[in-house]
Amino acid sequence: MPLRGERLKEIRKSRGYTQTELGKALGTPQQQVAKWENEIQDPSADTVGRMAMLLECSADYLLGLVDTPTEHLQQTDLSEAERALLLLYRRGNLRDLITRLVGEIATPRGEP
Numbered sequence: 002m003p004l005r006g007e008r009l010k011e012i013r014k015s016r017g018y019t020q021t022e023l024g025k026a027l028g029t030p031q032q033q034v035a036k037w038e039n040e041i042q043d044p045s046a047d048t049v050g051r052m053a054m055l056l057e058c059s060a061d062y063l064l065g066l067v068d069t070p071t072e073h074l075q076q077t078d079l080s081e082a083e084r085a086l087l088l089l090y091r092r093g094n095l096r097d098l099i100t101r102l103v104g105e106i107a108t109p110r111g112e113p
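Position one of the sequence shown corresponds to residue 2 (the working numbering), numbered consecutively onward.
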């Protein structure tokens, strides 16, 4: 089943990823992400699954089988700080993640 390139592009942008960043997170070059978005080539089923996890949407949405990307995937139990840390981790920005975590540890709760 072919990937819906426009959906991939839309959700990638809404999650704040460039093609290069998404490619890096998936272990593939930016040019490959562009091919998927332009529907020149389809990713493997494994890659679609990894994209769905990374972009917090369902594989069914990326494949055009459902119209709602995240209805059953909402994680409302995370605080804004936890979401920010998770985003840094998923983007592979480990230096910023470590810096932020060290700052959280060094600053006692209740202090600015």
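Glycine included, each C-beta is placed from N, C-alpha and C at the ideal position. Since the structure is predicted, the reported quantities are computational estimates derived from the model, not experimental observations.
Would you give the residue range spanned by the alpha helix (DSSP H) that residue i belongs to?
i, result
"E38", "Q31 to E38"
"D78", "No alpha helix (DSSP H) holds D78; DSSP gives it neither H nor E."
Which whole-angstrom value is the C-beta distance of residue i and residue j, which I expect to be below 8 Å?
i, j, result
"E57", "T48", "That pair is no contact at about 16 Å."
Among residues of its own chain, excluding the 5 on either side of residue i, which ones have a beta-carbon nearer than 7 Å to its beta-carbon?
i, result
"R51", "L27"
"G24", "P30, Q31, Q33 and V34"
According to DSSP, simplified to helix, strand and coil, what is residue i?
i, result
"S45", "coil"
"Y62", "helix"
"M52", "helix"
"Y18", "coil"
"T100", "helix"
"L95", "helix"
Skipping 5 residues on each side, what residues in its chain have a beta carbon closer than 8 Å to that of residue i?
i, result
"L98", "L86, L89 and Y90"
"L79", "L87"
Within 10 angstroms of the Cβ of residue i, are there 16 or more other Cβ atoms? Answer buried if so, exposed if not.
i, result
"E40", "exposed"
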